[in-house]
Structures are given as C-alpha cells and as structure tokens.
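Enquirer: Below is the structure I would like to discuss, written out as structure tokens.
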Amino acid sequence: MTIRNLDGFFAPSSIAVLGPCRHPGVLTDKLIACLHAIEESHKVTLVGIDYSVPFSGQSVRTLSDLKQTPDLVIYLAKAEALPEIIEDLGARGTRAVLIPSPGYESWPEPVMQACREAARKTNLRLIGPGSLGVSVPAKGLNALLSAEQPTKGDIAFFSRSGAVLNATLSWAKTHNTGFSSVVSLGARIDVDVSDLIDYFAQDYRTRAIVLHLEGIAVPRKFMSAARAAARSKPVIVLRSGRSRDTGGTGRTHAGRLAKSDLVYETAFRRAGLLRVYDLDEMFEALETLSHVRVPQCRNLAVIANGHSLASLAYDRLAALGANFASLSEETQSELQHFIGKSRDLDDTSAGQASIILPEDTSAEELTSTITSVLKDKNVDGAVVLQAASAFQPLPALASAIADAANQDRKRPGRRKALVAGLIGGDSATRKVLTDAKVPNYASPAEAARSLMHLAHDAQAREFLMAAPPSLPASFTPDTKTARSIVETALAEDRIWLTPKEVCDILRAYDLPIMATDMATTPQAAGKLSEPFFKTVKHCVAKLISPDLPFKSKIDGVRLGLENPAAVEQAAKELIDNTRRDYPDARISGISVHPMLEDRHGLELYLGLAETPEFGPVLVFGQGGTAIEESEDIALELPPLDLNLAEAQINRTRIARLLDGGHSRPALDKAALAEALVKLSQITIDVPEIQELDINPMVSLPSGLVALDARMTLCHPQKRPGRTGGSRLAIAPYPKEWEQTLTVKGGRQVFVRPVRPEDEDMFKAFFEQISPEDLRLRFFAPVREFSHRFLARLTQLDYARAMAFTALDPEDGSLLGVVRLHADPDHHTGEYAVMVRSDLKGYGLGWALMKLIIRYAKADGIETIKGEVLKENTSMISMCQALGFKITTSPDDAGISDVILPVTDLPEDSA
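Heads up, the sequence shown is in the numbering used here, so the first residue is 7 and it goes up one at a time.
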C-alpha cells in the first residue's frame with residue numbers, strides 16, 4: 007500500500023473514538039479535550055467510553071449503535087481485540103484507524119501482523135501503536151497528544167519519536183512556524199514514512215516536508231517516493247540511531263567500510279533530500295527553506311559591515327564546501343560608483359570577492375549594494391551580515407535588507423538566495439526580515455549554514471535533473487560467461503571465487519586486471535610463474551584462504567620475486583607460516599601474477615558491499631593496505647552512470663591527486679568513472695555476487711589495472727516491494743523490454759525504454775514536430791524545450807514510470823515515444839503518446855499504444871487513463887478502437903477523459 011485511503015486520517019468527515027481506554031487517565035483527558043474543540047466540524051462520536059470530560063457530541067455504547075460509519079476510528083481499547091474490530095470496521099467502510107498512546111508502545115508482532123492482514127482485505131489504513139496522533143491545522147483537525155498544538159502553515163512534519171515531535175512543535179511556536187500536517191508514526195504497523203512522503207508530495211497545501219526517522223523498512227519504496235517528492239518541494243530529513251547501527255558482513259573491505267549511516271547518507275543524497283544532523287540544524291534548515299527555495303546556488307557572495315564579520319562567514323562557508331562568486335567588472339564598477347573609494351571590494355582569492363562596508367553605510371547604500379550583487383549573473387546567492395554600531399540603527403539596516411529582497415523579486419530571471427545575519431538584533435528587529443521572507447539569524451555561523459542549506463538543496467535537485475553521458479557503445483559485457491562462472495561455483499557450494507575466476511569475470515566486463523592464476527603447491531606456483539618472467543622482471547605471490555581474506559594482515563604477500571625458484575620458495579614460506587599461525591584455516595593455494603612497476607601509479611579501491619538497509623552499495627576510495635584506516639571513501643547506490651560515478655570519485659580526498667600536478671602527471675579519471683559504471687552493471691547482471699574488493703586498482707596516465715580482487719557469492723533474496731526480484735534499492739534500467747516492432751509496410755523500428763542520455767535526442771525530435779501537433783500533445787503552444795523540461799521526460803524512476811522510444815534502426819533517430827506514469831499506489835497510470843509529424847499513417851502510434859498497454863498489464867497497473875483535446879479526433883478514434891471509454895472531462899468541456907480497465911482485458915488483447 008501507499009497513499010490509498012490516507013484521506014481517512016487527514017480529511018475525515020466523521021470520527022469515532024473507540025474504548026474502553028487501555029491507558030486510562032491523561033491520554034483520554036487530553037484526547038477528548040482535543041476532539042471537543044473540533045466535534046462540530048468533524049462529527050466526533052465516543053464509543054464505549056464512559057467519561058466525565060465535557061463533550062457535547064454523540065456517545066454510544068458499541069459500534070453497532072453508530073448511525074454513521076466513521077472515516078477515522080481512534081482506537082483506545084486493548085491490542086488483542088483490534089484485528090476482529092478491523093474486520094468489522096473495514097466491512098462498514100471505515101478508511102483509517104489511529105492507535106494513540108501516551109508514549110512509545112510495543113505490541114506483540116503476531117497481534118500487529120493479524121491487524122495488517124485484517125486491514126489488507128479492505129485497504130483500511132493504520133497508524134501506530136505508540137503514536138501521539140495526527141493534526142491537520144488547515145482543516146481544524148487536531149488529534150495530537152503533543153505539548154503544543156501546531157498552527158496552520160505549509161510544512162508537513164512527521165516523526166517516529168514523540169520527543170523530537172514535541173521539541174519541533176515547541177520551536178515552531180516560538181518562531182511562528184505553521185504546519186499543513188503533523189504525524190506521529192509510532193511503531194509503523196502499516197503507514198510508513200514513504201507513504202506520507204508520497205501523500206504530501208501531492209498536497210497543494212504543503213510546500214516543504216520535514217521528517218525524522220531511524221530506519222527504513224522498504225528501501226526501494228522510500229527511494230522512489232523521496233526522489234519524486236524532492237523534484238517539486240524541499241524534503242529535510244533528520245536520522246537518529248547511528249550508535250545502534252551495524253555494518254556489512256565484514257568478509258571484505260567493502261563490507262566493513264559500508265557502515266549504516268554512510269549508506270543512509272548516500273541514499274538521502276541520491277534521493278535529493280537535505281540531510282541534517284541534529285535538531286538545531288533541522289530548525290535552521292526549516293527556517294531557511296520555509297522562506298525561500300532557489301533553482302541554483304553554486305557561487306556565493308558575502309556582504310558585511312566589517313572585515314571580521316565577513317571573514318567569519320567566509321571561513322564558515324569555505325569549511326562547508328562553498329564556491330565563491332567572482333563579481334563581473336560591471337558589478338565592481340557599479341559598487342565603486344555609488345559606494346565610493348573608501349569602501350572595500352576584498353579580492354580574497356583569485357577574484358572571489360566579499361564586499362566590506364564601513365559602519366556608517368546608509369540604509370540606501372546597503373540596499374543598492376545587495377541589489378547590484380544579486381543581479382550579477384555570476385552570483386547565485388549572498389549572505390548579508392550587519393552588526394550594531396553607533397552610526398546606523400539595526401532596525402534601519404534590517405529594513406534595507408528587506409527592501410533589497412523585495413526589489414530582487416521583481417527582477418526578471420531566476421531567483422537568487424539571500425540570507426541575513428543581524429548580530430546583536432532582537433526578535434522584533436528581525437521580524438521585518440521574517441515578514442519579507444528573508445531567512446535571518448543572530449550569528450555569522452548560523453547565517454552561513456543557512457545559505458549552505460539552500461546551496462545543498464539546489465545541488466540535490468540539480469543532481470536529480472542531470473543529463474549523464476552514456477557509456478561507450480563499444481562496451482558489450484560478456485554476461486553469459488560471468489553468470490556461468492558464478493553458477494558453477496554456487497553449484498559446488500562455494501561462496502568464494504578463485505583468483506582466476508575473479509579475473510575472468512572482471513575481464514568479461516572489460517575491467518583490466520593483471521593476469522593471475524593459482525597453484526595448490528609451491529612447486530606448481532614456481533612453474534606457473536615461468537611464462538610471466540618472459541615479459542616482466544618481478545612477480546608477486548599471495549596466500550589464498552577463504553578463512554583469511556585480508557592477506558596483508560597476516561603477512562600473506564611476497565613482492566619483488568625475481569625468478570621461478572624465488573616464487574616457489576615464497577609459496578612454501580607462505581603456506582608453512584599460515585599452517586603454523588592459523589592451524590584451523592583452510593588454504594586454497596597460492597596466487598601468482600606479474601608485479602606492476604610504475605612510479606606514477608596511484609593505488610585506489612573499488613568495492614561492492616551488501617548492506618541490510620539498501621542492498622548493494624558501491625565503494626570507492628584510497629587503496630592499499632591502509633584502506634580501512636584512512637577511511638577516505640565515497641559510497642553510491644547502483645545503478646550508476648558516468649555523471650554519478652564522477653561525483654562519487656570527487657567526494658574523496660584522493661581525487662585531488664588524479665588531476666596531477668607539478669610532480670606527477672594527470673591520471674585517467676575518465677577510465678576510472680567507466681570502471682565504476684561497469685562494476686555497477688555487474689551488480690545488476692549478476693546479483694549472486696554479494697561483495698567484491700578490487701584493491702588496489704592502480705590508476706595510470708594511460709588507464710587502469712587491477713592488481714588484486716576477490717568476490718564472495720550468495721543466493722540473493724528478494725527484497726520487499728512490487729519489483730522484488732532485484733537487490734537494488736533503485737530500479738535499474740529494464741533491458742528486458744528492448745524489442746523490435748513491425749509497422750505498416752513491413753518497416754521495423756527498435757523500441758527500448760527511455761534512458762537519461764536521451765535528452766539531446768528528445769530535443770531534436772520535438773524540433774521535427776509541427777506546432778499544431780505540439781499544441782495537441784501539451785494543450786498549449788510550446789516554444790522552447792529547456793533542460794529542466796527535457797530532463798523530466800528522460801530521467802525516469804522505473805519503479806513508477808515507463809517510457810518507450812521508437813528508434814530508426816539505421817540512424818538511431820527518435821521516431822515516436824509513449825509513456826505511462828503510475829500513481830503512488832500503482833493502481834492507475836496516465837499515458838501520453840507522440841509520433842513524429844512526418845510519420846503519421848504508418849501505424850507507429852497504434853503499435854506504441856499496444857506496447858504500453860501490454861507493459862501496464864505485466865506491471866500490475868489496473869487502469870490506464872489520459873486526457874485528450876476533443877479536437878484531436880485521430881487520438882480519440884484510436885482510443886475508441888483500443889477499447890478506451892470516452893467521457894467529457896468534468897473540469898473542461900473541451901477535453902475528453904479516456905479510460906481503459908487493463909485488468910478486464912483478455913491476456914492476448916495487447
């Protein structure tokens with residue numbers, strides 16, 4: 007389930023409170039007091055509650071005495087009785103049951119499961135147990151057992167922790183912050199964070215979503231909901247519980263490095279969420295993003311009435327990873343013109359400027375300075391710091407900043423970020439800024455962090471909308487070979503692959519690795535090395551044991567071996583030492599490979615870890631024997647593209663060495679990004695590979711070469727969710743839907759799902775569509791196709807949307823496209839189809855519609871719907887021929903609603 011029947015909590019027409027209360031006393035007092043205030047508008051009825059609290063509404067003894075079926079039941083009675091009551095309520099038509107408690111409450115899992123099974127029959131929804139309740143201020147609904155009652159606003163807030171919820175509401179009261187809804191989840195018997203994200207992403211009263219969580223039960227569901235919501239509104243997340251986290255299996259470096267909180271950090275970033283780490287930071291982010299959200303916030307400026315103030319903010323911004331603007335010559339000239347030569351344009355580093363104003367700056371000069379800086383095309387945002395002085399009162403300076411903000415909103419073009427810091431100002435002084443929707447704080451550090459919240463939020467959304475380049479067309483992995491190796495090993499009940507098997511799999515995916523083989527005796531190891539010495543001077547011998555995977559920790563490596571005799575002697579020494587020091591360890595043999603001798607090589611690490619939270623995670627960082635000690639790593643969730651891979655590389659400290667310098671040449675960063683994408687593809691194609699280490703992967707000016715690698719296997723378990731066959735938390739590209747269709751005249755077209763790199767192809771496609779066809783498709787004239795518009799068409803979440811491109815098999819040009827976007831419940835999908843204007847009459851539109859109907863049926867979507875302009879007679883005729891029901895839209899007489907019940911179609915109809 008997702009959002010189905012959630013209106014029962016947030017828009018109920020009638021409410022019943024069902025007792026007797028299992029927590030008598032304060033809970034009932036507080037709840038009845040809340041409901042007493044709303045009983046007239048929500049028809050509140052008490053059932054089985056003999057209570058003396060003033061209550062003028064209806065009171066009955068049993069559910070059978072109710073004259074009207076309640077939308078929402080607030081359940082106060084014993085846990086054991088609820089499954090049977092849910093059966094009764096569901097049959098009556100109740101949509102939701104809230105199970106409140108005065109504090110966190112744990113029910114036996116068998117009882118909770120019985121409740122879920124009873125509710126599933128009628129899609130009745132459950133919140134709790136252990137919930138403090140819900141509140142919808144916009145509708146006057148308050149059934150929340152909180153210290154402060156939330157006021158009306160546009161922020162949706164939900165938390166599992168009652169203490170975090172109460173702290174947030176107390177902060178909101180002192181900051182005049184209101185909410186569209188507040189939800190206390192409790193034990194998440196049914197409704198979870200993902201359901202609420204989906205619901206409030208579509209709620210027009212909600213402008214921002216703030217959530218507190220500890221863990222996520224269904225990762226793919228969460229990622230799909232979060233990525234969809236973050237495209238349209240800010241989503242701020244606070245996670246607690248890091249001290250109770252667990253890591254991976256520990257059988258590989260990757261498994262030990264992929265710690266739970268790092269994985270959550272990776273997931274939040276990939277979903278476009280703004281993560282905060284404590285309540286103070288959450289309140290700051292909430293204060294900032296509730297006032298303003300900007301599309302871009304890369305290059306920042308600092309304006310202050312003092313060098314020290316500017317330095318404090320500048321230093322804090324730099325520590326948080328800010329980029330600083332280089333003001334244009336026009337702006338610099340303008341500032342000098344109206345400020346005068348006594349003012350200081352501080353060129354701190356290579357044109358990265360702060361504007362320093364003297365203490366006697368007038369309000370008018372401050373306003374002019376801010377507006378000039380914000381209209382500079384090189385500036386995305388600014389922090390303005392003003393300290394109290396004997397020459398200008400702070401209230402006047404606050405008004406000047408507010409005036410600048412109001413003037414900037416009237417400026418054509420994209421909106422810029424503006425944050426203020428009034429040092430020494432009280433709440434009354436800052437109110438003028440709050441009223442002008444300018445985030446404002448009492449210290450330079452707070453103001454700097456606030457501006458970076460806007461920068462990180464914009465960066466996260468920009469990352470979601472990125473158009474990544476594709477892999478080279480020459481990359482054609484030998485999946486069959488890789489799968490054969492893994493299946494053979496699993497059939498032999500092995501969970502570790504041999505060095506040669508690992509090499510063969512990596513080569514099947516065009517990942518370069520030093521030629522390696524394994525011998526079971528010292529004599530065989532010496533013999534095995536003979537061919538290597540014909541081309542290299544030295545070889546390496548390593549002990550291979552499934553019980554001792556970390557060779558360097560047991561002195562299990564010998565370098566610089568100069569001939570086969572030295573290899574044999576080293577192998578004997580390694581085996582003898584291991585048997586002496588680790589008598590119970592199994593010894594598989596000795597691996598031998600040539601030794602790489604290149605002083606310009608940089609040792610890096612690539613790995614794959616299996617995590618309990620989000621499945622496979624890719625790890626990149628500094629390689630060598632100190633990989634775990636240095637912890638210079640970055641994580642990313644597969645599937646990966648080159649854009650994501652490059653960003654992952656750049657999040658590490660060692661990435662700075664890849665660009666070279668005075669003492670070392672630049673290394674092949676492009677090859678490294680490709681290697682990460684190929685590793686990502688392995689996780690998709692061969693899910694039986696549970697964990698993997700490539701250490702070191704040596705980066706060279708001319709490419710890469712892996713010197714050591716290991717893989718461990720598993721029988722992958724299906725993850726919860728609609729598409730549970732994959733271990734991945736993000737649905738991968740569905741290659742199985744690639745196919746060739748034949749249209750009229752025997753013409754063949756290649757059809758595949760849309761990919762992110764199709765943006766340029768879509769732009770060229772739309773340029774060949776007639777203006778009239780574009781108007782019929784988009785219901786309005788379309789004059790330009792921006793990156794943001796095209797990215798929405800090509801950046802698909804395959805868990806809830808599908809689009810197929812029909813391509814010319816000869817030149818690869820786009821001939822037509824059909825798409826289907828499912829609602830969060832995956833119940834209904836809305837279609838759209840378009841064919842190039844010069845290709846009408848070939849039957850391509852018909853073929854694409856048949857394909858999307860077939861996809862919807864296979865994917866479990868029950869109904870396809872769409873809106874068609876009535877003047878688009880050809881589309882309406884095609885819909886009629888396909889079996890769609892045609893009706894007039896209740897909202898616009900010029901539009902037809904077309905609906906096709908997919909579940910009613912025979913199996914071969916599509």
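Just so you know, even glycine gets a beta-carbon here, dropped at the ideal spot from N, CA and C. A quick note: this is a predicted structure, and the numbers were derived from the prediction, not measured.
According to DSSP, which residues form a beta bridge with ARG415?
Expert: Looking at the DSSP assignment, ARG415 forms no beta bridge with any residue, so it has no partner.
Enquirer: Considering only residues of the same chain and omitting the five flanking positions on each side of VAL379, which have a CB-CB separation below 6 Å?
Expert: Short of 6 Å from the beta carbon of VAL379, and not among the five residues preceding or following it, lie these beta carbons of its own chain, in chain order: ALA307, VAL385 and ALA388.
Enquirer: Measuring alpha carbon to alpha carbon, tell me which residue in ASP817, LEU706 and ARG275 is nearest LEU641.
Expert: ARG275
Enquirer: Could you tell me the alpha carbon to alpha carbon distance between LEU906 and TYR861, rounded to whole angstroms?
Expert: 13 Å
Enquirer: Apart from the five residues on each side of it in sequence, which residues of its chain come closer than 8 Å, Cβ to Cβ, to GLY346?
Expert: A caution first: GLY346 carries a pLDDT of 44, below 50, which makes its placement in the model too unreliable to give a value.
Enquirer: Quick one: is ALA356 buried, meaning 16 or more other Cβ sit within 10 Å of its Cβ, or exposed?
Expert: Note that ALA356 scores 33 on pLDDT, short of 50, meaning its location in the model is unreliable; the coordinates nonetheless yield the value given after this. It is exposed - the Cβ of ALA356 has fewer than 16 other Cβ atoms within 10 Å.
Enquirer: Given this structure, state the Cα-to-Cα distance separating ALA661 from GLY847, to the nearest angstrom.
Expert: GLY847 has its alpha-carbon roughly 54 Å from the corresponding atom of ALA661.
Enquirer: What does the alpha-carbon distance come out to for the pair LEU821 and VAL683?
Expert: 29 Å
Enquirer: Quick check: what's the CA-CA separation for ASP201 versus LYS871?
Expert: Between the C-alpha atoms of ASP201 and LYS871 there is a straight-line separation of about 23 Å.
Enquirer: DSSP three-state call for CYS720: helix, strand or coil?
Expert: coil
Enquirer: If you draw a straight line from the C-alpha of ILE581 to the C-alpha of ILE593, how long is it?
Expert: ILE581 and ILE593: Cα-Cα distance of roughly 8 Å.
Enquirer: In chain order, what are the residue ranges of uninterrupted alpha helix (DSSP H) at least 4 long that sit wholly in the stretch 139-222?
Expert: Here the runs fully enclosed are 168-180 and 199-207.
Enquirer: If you pair each beta-carbon of the stretch 70-77 with each one of the stretch 7-21, do three or more pairs fall below 8 Å?
Expert: Between the stretch 70-77 and the stretch 7-21 there are three or more inter-stretch CB-CB distances shorter than 8 Å, so the stretches are counted as touching.
Enquirer: Check each candidate in ALA426, GLY900, LEU663 and ASP499 and name the one with the smallest Cα separation from LEU719.
Expert: ASP499
Enquirer: Return the residue from the list LYS36, ASP35, VAL32 and LEU78 that minimises the CA-CA distance to THR51.
Expert: LEU78
Enquirer: Given a cut-off of 8 Å, decide if ARG211 and ALA144 are closer than it, judged by their beta-carbon atoms.
Expert: With contacts defined by Cβ atoms closer than 8 Å, ALA144 and ARG211 form a contacting pair.
Enquirer: Counting only the same chain and skipping the five closest in sequence on each side, list residues whose C-beta sits under 7 Å from that of ALA464.
Expert: So the qualifying residues of the chain are VAL300, PRO301, GLN302 and CYS303.
Enquirer: Does the beta-carbon distance from ALA591 to ARG564 come in below 8 Å?
Expert: no
Enquirer: Beta carbon of LEU796, beta carbon of GLU765: below 8 Å?
Expert: yes
Enquirer: Just to confirm before moving on: does the CB-CB distance between PHE164 and LEU191 stay below 8 Å?
Expert: yes
Enquirer: Could you tell me how far apart the beta carbons of HIS599 and THR522 are, in whole angstroms, since I believe they sit closer than 8 Å?
Expert: 4 Å
Enquirer: Suppose contacts are defined by Cβ-Cβ distances below 8 Å. Is ALA394 in contact with GLY430 by that definition?
Expert: Going by C-beta atoms, ALA394 is nearer than 8 Å to GLY430.
Enquirer: What's the C-alpha gap between ASP561 and MET524?
Expert: Distance between the alpha carbons of ASP561 and MET524 is about 18 Å.
Enquirer: Over what stretch of residues does the alpha helix (DSSP H) that includes THR258 continue unbroken?
Expert: That residue, THR258, is in no alpha helix (DSSP H); it is neither H nor E in DSSP.
Enquirer: Restricting to Cα atoms, I'd like to know which of LEU95, LYS49 and HIS48 is closest to THR68.
Expert: LEU95
Enquirer: Between ARG761, GLY221 and ARG420, which has its C-alpha nearest ARG248's C-alpha?
Expert: It is GLY221.
Enquirer: Pull up the CB-CB distance for GLY629 and ASN701, whole angstroms please, since I reckon it's below 8 Å.
Expert: 5 Å
Enquirer: Is CYS545 helix, strand or coil when you go by DSSP?
Expert: strand
Enquirer: Which term fits GLN342, buried or exposed, when burial requires 16 or more other beta carbons within 10 angstroms of its beta carbon?
Expert: Classification for GLN342: exposed.
Enquirer: Go to ASP779, then tell me how far its beta strand (DSSP E) extends in each direction, as first and last residue.
Expert: ASP779 -> not in any beta strand (DSSP E); alpha helix (DSSP H) instead, spanning 777-784.
Enquirer: Could you pull the start and end residues of the alpha helix (DSSP H) that MET808 belongs to?
Expert: Note, MET808: premise wrong, no alpha helix (DSSP H); beta strand (DSSP E) at 807-813.
Enquirer: List the residues that DSSP assigns as beta-bridge partners of THR893.
Expert: ASP903
Enquirer: Sorted by chain position, which residues of the same chain lie with C-beta nearer than 6 Å to TYR804's C-beta, five sequence neighbours on each side aside?
Expert: ALA737 and PRO740
Enquirer: With a floor of 3 residues, list each beta strand (DSSP E) that falls wholly inside the stretch 91-147, ordered by position along the chain.
Expert: 102-106, 131-137 and 139-142
Enquirer: Starting from ASP523, follow its DSSP beta bridges and name the residues at the other end.
Expert: VAL598
Enquirer: Does the Cβ of ASN446 lie closer than 7 Å to at least one heavy atom of the ligand NAP?
Expert: The ligand content of the structure shown is nil, which means the ligand NAP is not present either.
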